[in-house]
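S.K.: If you're matching positions, the sequence shown starts at 1 in the UniProt record's numbering and goes up one per residue.
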Amino acid sequence: MATSLLLPEQSGRSGKLLGLQEPSLLRIPERAGSRVGEALDLAAVAGLREDPWQELTLDAILSIDGSERWVCTEFGVLVSRQNGKGNIILPYELAHLFLWPKADGEPKTILHSAHEVKTAVEAFRRLKRVITASPLLMGELLGGERGIKDNNQWRGFELANGNRLMFMARSRNAGVGFTVDVLVVDEAQETPQAAMDALLPTMSAVDNTQVLFTGTVPDELNNAEYWEGVRDRGRSGTDPRTGWAEFNPKGSHDPDVAAKINIRDPQVWRAGNPGLGLRPGLTRETIEDEISRLDPEAVKRLRFSIWPNRREEEAERLSELDLAVWKRVAGDYPVQGDGGVIAIALGRGGGYATISKAIRFDEDHIAVEHHKTDRKVRWVADEVKALKAELGNALVVVDPKNAAMILSDLDRVGVKYLPMALDEIAAAHSIFIELSNDGLVLHRDQVEVTKSLELATTRAIGRAGFTWEPSDPTKPISHAQSVTWAVWGVIKSEASPKREPAVVRGYA
1 MATSLLLPEQ SGRSGKLLGL QEPSLLRIPE RAGSRVGEAL DLAAVAGLRE
51 DPWQELTLDA ILSIDGSERW VCTEFGVLVS RQNGKGNIIL PYELAHLFLW
101 PKADGEPKTI LHSAHEVKTA VEAFRRLKRV ITASPLLMGE LLGGERGIKD
151 NNQWRGFELA NGNRLMFMAR SRNAGVGFTV DVLVVDEAQE TPQAAMDALL
201 PTMSAVDNTQ VLFTGTVPDE LNNAEYWEGV RDRGRSGTDP RTGWAEFNPK
251 GSHDPDVAAK INIRDPQVWR AGNPGLGLRP GLTRETIEDE ISRLDPEAVK
301 RLRFSIWPNR REEEAERLSE LDLAVWKRVA GDYPVQGDGG VIAIALGRGG
351 GYATISKAIR FDEDHIAVEH HKTDRKVRWV ADEVKALKAE LGNALVVVDP
401 KNAAMILSDL DRVGVKYLPM ALDEIAAAHS IFIELSNDGL VLHRDQVEVT
451 KSLELATTRA IGRAGFTWEP SDPTKPISHA QSVTWAVWGV IKSEASPKRE
501 PAVVRGYA
């Protein structure tokens, strides 16, 4: 049900445009209830007032199941700037810091991450003003004001019970060295995969975690691959643990409809701006000025959160690999016997690992096969050792950066491996694409490998060339990586034939 166009207290001649208070799309997994009441009560104690759309969004984010666990392990909120998304994040962080202790009684760590340091600092300062204005909240801090940390080590708040809320900028090293229970990803439109690769493993050993994403529509310069994946999971409902709310005009997800949205229509303004008429500075005049001064496509993106999905034909071709040829050459081509190559690829944060193998099939063809994929990585070294012996002391190849977590394990069990240099990783990608498109990479019809190749896109690696990259962070590309590197390993081993041991004469 749409909110009235007029503010109730201004329903006469002085009435003004009011943003719609319900999202155009709200997707929540099945739930038993919500802890929003507790969060809003605490926010009121802290002197905060929420707009209806903020309360509704918080209600969805804080949904729980019958065991009082979060039904959403990740939740994304898409809303344009100046509408007040900070009034979603602030009560959310307050509640997690001061309420809801962990089941095991251990202290909780909440991490607020932003794209830039200055944005993280501003969020910290705003929450600091709220906490210091409340004697009740100040009384919960460790040593009063000593519980407010603002130094070179970390910025945030620490309670007497050990709970911490930390603020930092995202980076490849963010989160290293500590465990996180709740992660807030502000400015999600600027979230490269590498940053999430650093942050998500900090939550792997924690029960009942949640990641909250808030962001706007990215432009072509943003590193938004992870944010787009959250959007796609949220819109489609394919992930049973993902929640999603977006505030934009009807049809914003459809490429054909989105192109025809009239940005001069006041109903479009209302749908794309729930804070219209409620937030200081967000008025009819503000929007009129932006429309007259900015590029129309920028206005659609920045002011109205119009973010169409990729067209189906775009999603079908994410790389130069000819999938029709790949599927056509599938057959009974097991990789067995001496002279094989083993390749290992780890998933994000070491959450899983994939082993593939390849061998020269005949003068023209190489056969490749997915051997095993499983959770975590402790099993990998022993599995590779056994497979290496089975394939006649097979060559083992790894991307040393990707496989950093298991290199010491391989050393421990006595498995020697060939680390690939950056230019070799790029060469492996080029070789695999060329040979596959020529029908020279034979394989068994393994659905998981084909699906991984379908979902893998590419990214540049320096000036060396390209390598595989996830198009959707929830869909693993370790199968694509490992079969690619295994094929390269066969070529590499043939280019560097084994030498006969040197014969040392003159000794017994």
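Ideal Cβ placement from N, Cα and C applies to all residues, glycine included. Model, not experiment: these values are computed from the prediction.
If you reduce the DSSP assignment to three classes, tell me which class F432 lands in.
M.R.: For the purposes of this step, residue 432 is identified with residue 432 of the sequence shown, where counting begins at 1. Note: F432 maps to helix in three-state DSSP.
S.K.: Would you tell me roughly how many angstroms separate the C-alpha atoms of V180 and E390, rounded to the nearest one?
M.R.: Within the sequence shown, the letter at position 180 stands for residue 180. Within the sequence shown, the letter at position 390 stands for residue 390. Going by the C-alpha atoms only, they are around 41 Å apart.
S.K.: Where A228 and G76 are concerned, what is the direct C-alpha to C-alpha distance, given to the nearest angstrom?
M.R.: Numbered from 1 along the sequence shown, position 228 holds the residue referred to as residue 228. Numbered from 1 along the sequence shown, position 76 holds the residue referred to as residue 76. Here residue 228 turns out to be Glu, not Ala, going by the sequence shown. The alpha-carbon atoms of E228 and G76 are separated by roughly 10 Å.
S.K.: Would you call the stretch 297-314 and the stretch 350-361 touching, i.e. three or more CB-CB distances under 8 Å?
M.R.: At 8 Å Cβ cutoff, the stretches do not touch.
S.K.: How big is the Cα-Cα spacing for M166 and F157?
M.R.: For the purposes of this step, residue 166 is taken as residue 166 along the sequence shown, with counting starting at 1. For the purposes of this step, residue 157 is taken as residue 157 along the sequence shown, with counting starting at 1. The straight-line gap from Cα to Cα measures roughly 7 Å.
S.K.: To the nearest angstrom, how far is the alpha carbon of residue 521 from that of V490?
M.R.: A query on residue 521 cannot be resolved here, the shown segment of the chain reaching from 1 to 508 and no further.
S.K.: Is it buried or exposed for D438, if we count other Cβ within 10 angstroms and need 16 for buried?
M.R.: Residue mapping note: residue 438 aligns to position 438 of the sequence shown, counting from 1. Exposed is the call here.
S.K.: Output the residue ranges of the alpha helix (DSSP H) runs that lie fully inside the stretch 135-215 and measure 4 residues or longer, sorted by chain position.
M.R.: Here the runs fully enclosed are 135-138, 193-199.
S.K.: Per DSSP, what kind of secondary structure is K118 in: helix, strand or coil?
M.R.: Residue mapping note: residue 118 aligns to position 118 of the sequence shown, counting from 1. Note: K118 maps to helix in three-state DSSP.
S.K.: What residues in its chain sit with their C-beta under 6 Å from that of K385, if we drop five residues either side in the sequence?
M.R.: Counting from 1 along the sequence shown, the entry for residue 385 is found at position 385. Answer for K385: V413, V415, listed in chain order.
S.K.: Using 8 Å as the threshold, is the C-beta distance between L90 and L137 below it?
M.R.: Numbered from its first residue, the sequence shown carries residue 90 at position 90. Numbered from its first residue, the sequence shown carries residue 137 at position 137. Taking 8 Å as the Cβ cut-off, L90 and L137 do not qualify as a contacting pair.
S.K.: Are the beta-carbon atoms belonging to V268 and P249 less than 8 Å from one another?
M.R.: Position 268 of the sequence shown holds residue 268. Position 249 of the sequence shown holds residue 249. Yes. Within cutoff.
S.K.: Determine the contact status of L99 and L159, defining contact as a CB-CB distance below 8 Å.
M.R.: Indexing the sequence shown from 1 puts residue 99 at position 99. Indexing the sequence shown from 1 puts residue 159 at position 159. No, they are not a contact pair.
S.K.: Using the Cβ count rule (16 or more neighbours within 10 Å means buried), how would you classify D232?
M.R.: As a first step, residue 232 must be located in the sequence shown, where it is residue number 232. When all chains shown are included, D232 counts as buried.
S.K.: Assuming the contact rule is C-beta atoms closer than 8 Å, G243 and R27 should be a hit. Round their C-beta distance to whole Å, please.
M.R.: Here residue 243 is taken as the residue at index 243 of the sequence shown, counted from 1. Here residue 27 is taken as the residue at index 27 of the sequence shown, counted from 1. About 6 Å separates the two Cβ atoms, so the contact holds.
S.K.: Whole angstroms are fine: how far does the CA of T484 sit from the CA of L434?
M.R.: The sequence position of residue 434 within the sequence shown is 434, counting from 1. The sequence position of residue 484 within the sequence shown is 484, counting from 1. Here residue 434 is Glu; the residue named in the question, Leu, does not match the sequence. Roughly 11 Å separates the two Cα atoms.
S.K.: Which of helix, strand or coil does DSSP assign to G33?
M.R.: Indexing the sequence shown from 1 puts residue 33 at position 33. Reduced to three states, the DSSP call for G33 is strand.
S.K.: Under 8 Å between the Cβ atoms of I342 and L387?
M.R.: What you label residue 342 is simply residue 342 of the sequence shown in a count that begins at 1. What you label residue 387 is simply residue 387 of the sequence shown in a count that begins at 1. Against a cut-off of 8 Å, the Cβ pair of L387 and I342 comes out as a contact.
S.K.: Who are the Cβ neighbours of V130 in its own chain at under 8 Å, not counting the five residues just before and after it?
M.R.: Looking up residue 130 in the sequence shown gives position 130. Answer for V130: A46, G47, L48, L90, L94, L137, listed in chain order.
S.K.: Can you tell me whether T109 is helix, strand or coil according to DSSP?
M.R.: Numbered from its first residue, the sequence shown carries residue 109 at position 109. Strand at T109.
S.K.: Taking the CB atoms as reference points, tell me whether residue 509 and L276 lie closer together than 8 Å.
M.R.: Given a span of 1 to 508 for the chain in the structure shown, any question on residue 509 remains unanswerable.
S.K.: Over the uninterrupted beta strand (DSSP E) stretch that includes G465, give me the two end residues.
M.R.: Sequence index remark: in the sequence shown, residue 465 carries index 465 (1-based). Segment 465-470, the beta strand (DSSP E) holding G465.
S.K.: Please report how far the alpha carbon of E187 lies from the alpha carbon of R348, in whole angstroms.
M.R.: Locating residue 187 in the sequence shown gives position 187, where the first residue counts as 1. Locating residue 348 in the sequence shown gives position 348, where the first residue counts as 1. In a straight line, the C-alpha of E187 is about 21 Å away from that of R348.
S.K.: Would you list the residues sitting across from D374 in a DSSP beta bridge?
M.R.: On the sequence shown, position 374 is the one that residue 374 refers to. For D374, which the question treats as bridged, DSSP gives the partners A353.
S.K.: Between which two residues does the beta strand (DSSP E) carrying V441 extend?
M.R.: What you label residue 441 is simply residue 441 of the sequence shown in a count that begins at 1. Unbroken beta strand (DSSP E) run through V441: 441-443.
S.K.: For residue 544 and E285, what's the separation of their Cα atoms in angstroms?
M.R.: The requested residue 544 does not occur in the structure, where the chain is confined to residues 1 to 508.
S.K.: Considering just the uninterrupted stretch of the beta strand (DSSP E) at W244, what are its terminal residues?
M.R.: Counting from 1 along the sequence shown, the entry for residue 244 is found at position 244. Taken as a continuous stretch (DSSP letters only), the beta strand (DSSP E) holding W244 covers 242-246.
S.K.: Applying the criterion that 16 or more other CB atoms from any shown protein chain within 10 Å of the CB defines a buried residue, is A133 buried or exposed?
M.R.: Counted from its first residue, the sequence shown places residue 133 at position 133. Per the 10 Å Cβ criterion, exposed.
S.K.: Please confirm whether S452 and P419 have their CB atoms less than 8 Å apart.
M.R.: Position 452 of the sequence shown, counting from 1, holds the residue named residue 452. Position 419 of the sequence shown, counting from 1, holds the residue named residue 419. No, the pair does not count as a contact, with Cβ atoms beyond the cut-off.
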